[in-house]
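Report on the following structure.
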């Protein structure tokens with residue numbers, strides 16, 4: 001029977017980062033991927049922030065097939081028939097090294113898999129892992145396609161549901177309140193048109209998040225990223241909210257509504273939809289992270305719950321890559337002692353604790369609670385748009401003074417409620 | 001219900017590799033379970049429908065393997081697995 005040093009379940013960013021790092025240190029690592037190629041099952045919004053992981057993979061970035069550096073950030077707060085936008089740009093975003101790039105996973109992951117192979121990792125595609133092999137309480141391999149494959153340690157990087165971590169007893173099936181569903185269309189469109197419509201220089205990119213009416217006032221939002229010659233347009237909605245909201249629409253209808261709004265329709269005009277995808281996203285933050293290690297097993301990426309929404313940024317991929325990297329580091333340490341027990345592998349959690357990953361998750365512990373406030377998605381978007389409508393209005397006749405115009409919307413009762421909501425937001 | 005035709009056309013953009021297994025099935029006897037009705041609203045591919053007999057039905061063709069139904073309905077009412085390796089959705093963009 002063949003034995004590997006490490007079996008990685010899943011050729012996504014966490015798995016490939018782990019395999020790439022382990023192979024660099026000459027370990028025999030096998031990645032099992034159920035898609036036709038790495039990336040075939042993977043979906044992002046999406047954008048990758050490079051800064052926190054730049055130095056973990058220094059050789060990777062110069063040639064990486066990233067789409068466009070994001071030089072402009074936008075937020076569009078939508079009421080039923082109007083919207084209020086904020087845009088931010090600056091030399092910090094618009095000059096190298098760029099902090100983030102739009103990315104398409106089928107392209108990026110496939111390339112990343114080749115880089116891991118170059119380092120010596122074996123990547124076997126079209127193979128679904130069905131179970132882990134447990135011997136004397138220690139995980140020592142995986143079952144795939146009826147075959148038993150042995151290894152000193154298994155790294156579960158099998159995505160947000162992580163059936164493997166479940167089978168290893170490290171987690172239970174996820175609860176609706178801790179997850180959102182994201183759906184996305186990739187819309188092919190001429191690169192020149194992208195630059196013209198978004199006011200970008202050649203090869204520059206923009207990102208925009210939408211909130212409010214886009215989800216009919218429930219937890220979630222929309223997103224738009226410019227790729228090289230396509231747009232990624234999508235919606236994310238809390239699964240709990242979708243199930244329980246009386247006004248809930250089926251998810252696909254929300255995306256259709258978004259596409260038909262005037263603000264969006266003009267951006268995607270003459271574009272051709274080329275793919276429609278959907279994926280579950282961990283939203284529970286710190287409180288819903290799974291157990292990260294066990295005897296002979298580590299869990300990384302979405303599988304562990306490493307995705308974080310703090311409203312203004314929504315991040316997952318760099319946590320995935322970093323957790324894969326630290327999982328690899330923990331395995332290297334375990335290998336020095338030839339000890340793959342849970343207590344030895346707890347080094348993984350220690351490494352994560354010292355890194356930006358756990359520091360971020362701890363800093364933003366309160367984010368899921370703060371962001372669960374439904375007033376953020378229904379009341380405030382209507383309020384701000386109401387204020388803007390009145391401020392900009394020039395009526396037939398005399399115009400009301402500005403401050404009283406605002407105070408009409410922001411009466412004492414409103415201000416009091418806002419102060420209450422602020423208390424939660426101030427924990428972020 | 002959404003525009004089913006529009007959704008079918010959208011799913012038609014994707015590359016799916018067929019397989020003979022139904023990787024997600026409704027557990028026998030659970031067809032009328034209220035938990036299952038959640039899938040009708042949450043499935044991004046609109047694959048769950050309610051029949052006239054008030055039973056939930058699942059068409060597996062077009063499944064995006066996103067996992068939403070597993071989380072929304074739970075494993076008491078659904079037998080849920082990924083399709084065998086090399087089958088199902090193959091994203092070209094992702």
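Residue numbers (the numbering used here), protein chains in the order written: chain D, 1 to 428; chain X, 1 to 94. Glycine residues also receive a C-beta, built at the ideal position from the N, C-alpha and C atoms. Just so you know, these numbers come straight off a predicted model, no measurement behind them.
Go through its chain and collect everything with a Cβ distance to residue i's Cβ below 8 Å, but skip five positions before and after it.
i: residue 403 of chain D; result: none
i: residue 88 of chain X; result: 16, 17, 19, 23, 63, 65, 82
i: residue 355 of chain D; result: 322, 326
i: residue 265 of chain D; result: 259
i: residue 107 of chain D; result: 39, 65
Could you please give me the residues that DSSP links to residue i through a beta bridge?
i: residue 208 of chain D; result: D:74, D:224
i: residue 80 of chain X; result: X:24
i: residue 279 of chain D; result: D:182
i: residue 127 of chain D; result: Note: residue 127 of chain D sits in no beta bridge, so no partner.
i: residue 231 of chain D; result: D:187, D:226
i: residue 52 of chain D; result: DSSP lists no partner for residue 52 of chain D.
i: residue 144 of chain D; result: D:129, D:147
i: residue 32 of chain D; result: D:9, D:124
i: residue 48 of chain X; result: X:58
i: residue 293 of chain D; result: D:298
i: residue 17 of chain X; result: X:88
i: residue 324 of chain D; result: In the DSSP output, where bridge partners are listed per residue, residue 324 of chain D has none listed.
i: residue 101 of chain D; result: D:48, D:69
With a threshold of 6 Å on Cβ separation, who are the neighbours of residue i within its own chain once the five nearest residues in sequence on each side are excluded?
i: residue 80 of chain D; result: 213
i: residue 388 of chain D; result: 84
i: residue 13 of chain D; result: 317, 320, 321
i: residue 369 of chain D; result: none
So, with DSSP's three-state summary, where would you put residue i?
i: residue 298 of chain D; result: strand
i: residue 308 of chain D; result: strand
i: residue 406 of chain D; result: helix
i: residue 196 of chain D; result: helix
i: residue 3 of chain D; result: strand
i: residue 315 of chain D; result: strand
i: residue 44 of chain D; result: coil
i: residue 390 of chain D; result: helix
i: residue 138 of chain D; result: strand
i: residue 335 of chain D; result: helix
i: residue 35 of chain X; result: helix
i: residue 15 of chain D; result: helix
i: residue 446 of chain D; result: Only positions 1 to 428 of chain D appear in this structure, which leaves residue 446 of chain D out of reach.
i: residue 250 of chain D; result: coil
i: residue 57 of chain X; result: strand
i: residue 269 of chain D; result: coil
i: residue 1 of chain X; result: Annotation note: pLDDT 43 at residue 1 of chain X (below 50); position unreliable, no value reported.
i: residue 86 of chain D; result: strand
i: residue 9 of chain X; result: helix
i: residue 69 of chain D; result: strand
i: residue 38 of chain D; result: coil
i: residue 218 of chain D; result: coil
i: residue 159 of chain D; result: coil
i: residue 372 of chain D; result: coil
Once the 5 residues before and after residue i are set aside, which same chain residues still bring their CB inside 7 Å of it?
i: residue 305 of chain D; result: 282, 284, 288, 289, 290
i: residue 271 of chain D; result: 187, 188, 189, 231
i: residue 11 of chain X; result: 45, 62
i: residue 2 of chain X; result: With a pLDDT of 46 at residue 2 of chain X, under the threshold of 50, the modelled position of that residue is not reliable, and the figure given next carries that caveat. If we look at residue 2 of chain X and ignore the five residues flanking it on each side, its Cβ neighbours are 46.
i: residue 239 of chain D; result: 176, 179, 180, 181
i: residue 373 of chain D; result: 421, 424
i: residue 164 of chain D; result: 9, 129, 132, 156, 158
i: residue 73 of chain X; result: 35, 36, 38, 39
contact_flag[the region 124–135 of chain D, the region 28–41 of chain D] where n(CB pairs < 8 Å) is 3 or more = yes
Does the region 12–21 of chain D touch the region 70–84 of chain D, meaning 3 or more C-beta pairs lie closer than 8 Å?
-> no
Any residues in the region 57–72 of chain X with a beta carbon nearer than 7 Å to a beta carbon of chain D? Which ones, in chain order?
-> 64, 65, 66, 67, 68, 70, 71, 72
The region 190–198 of chain D in contact with the region 319–329 of chain D per 3-pair CB rule at 8 Å = no
Any residues in the region 248–282 of chain D with a beta carbon nearer than 8 Å to a beta carbon of chain X? Which ones, in chain order?
-> 248, 249, 250, 251, 252, 253, 256, 273, 274, 275, 276, 277, 278, 279, 280
Could you run through the region 127–143 of chain D and flag, in chain order, every residue whose CB is less than 7 Å away from some CB of chain X?
-> 127, 128
Counting pairs of beta carbons, one from the region 96–107 of chain D and one from the region 57–70 of chain D, are three or more of them closer than 8 Å?
-> yes
Between the region 9–43 of chain D and chain X, which residues of the former have a C-beta closer than 7 Å to a C-beta of the latter?
-> 34, 35, 36, 39, 40, 41, 42, 43
Between the region 32–49 of chain X and the region 74–83 of chain X, do at least 3 Cβ pairs fall closer than 8 Å?
-> yes
With 7 Å as the C-beta to C-beta threshold (strictly closer), list the residues of the region 90–121 of chain D near chain X in chain order.
-> 104, 105, 106
Report the residues of the region 5–37 of chain X with a CB closer than 8 Å to any CB of chain D, ordered along the chain.
-> 6, 7, 10, 11, 13, 14, 17
Quick one: any contact between the region 158–175 of chain D and the region 201–221 of chain D, if contact means 3 or more CB pairs under 8 Å?
-> no
Okay, do the region 223–237 of chain D and the region 44–64 of chain D touch, 3+ Cβ pairs below 8 Å being the bar?
-> yes
What residues in the region 149–171 of chain D have a beta carbon less than 7 Å from any beta carbon of chain X?
-> 160, 161
Contact residues within the region 72–88 of chain X, judged by C-beta distance below 7 Å to chain D | 72, 74, 75, 82, 84, 85, 86
Kindly confirm or deny that the region 328–347 of chain D and the region 139–156 of chain D touch, where touching means at least three C-beta pairs closer than 8 Å.
-> yes
Under 8 Å (Cβ pairs) to chain X, residues found in the region 194–214 of chain D = none
The region 62–73 of chain D: positions lying closer than 8 Å to chain X by Cβ = none
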